[in-house]
């Protein structure tokens, strides 16, 4: 992690925002945190999070990046 979690803050400047959101994503992806949160979310909250996050991915990544970086697929993709 490039940034200590206690140094996360948003709104100062884009460089610090990007470091903070990177740290945030790394923290939220830890298995024990992910499992704890997943077990407490309602179906509606899950749907809202998935809808929002996939929208962010779609608007900020190419389809190949999505498959390689998010789905961890190794081979090239040919999408129609």
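Residue numbers (the working numbering): 35 to 114. Each residue gets a CB set at the ideal place from its N, CA and C atoms; glycine is no exception.
Quiz item: Of all the alpha helix (DSSP H) runs that stay within the bounds of the stretch 46 to 89, which reach a length of 4 or more residues?
Solution: Within the stretch 46 to 89, the alpha helix (DSSP H) runs of at least 4 residues that lie entirely inside it are, in chain order, 48 to 62 and 65 to 74.
Quiz item: What's the C-alpha gap between residue 54 and residue 109?
Solution: Here residue 54 refers to the residue found at position 20 when the chain shown is read from its first residue. Here residue 109 refers to the residue found at position 75 when the chain shown is read from its first residue. Their Cα atoms are separated by approximately 31 Å.
Quiz item: Does DSSP put residue 106 in a helix, a strand or coil?
Solution: The residue labelled residue 106 in the question sits at position 72 within the chain shown. Coil, per DSSP.
Practice problem: From the DSSP output, in three-state form, read off residue 38 for me. | Solution: Taking the chain shown and counting its residues from 1, the one referred to as residue 38 is at position 4. It is coil, neither helix nor strand.
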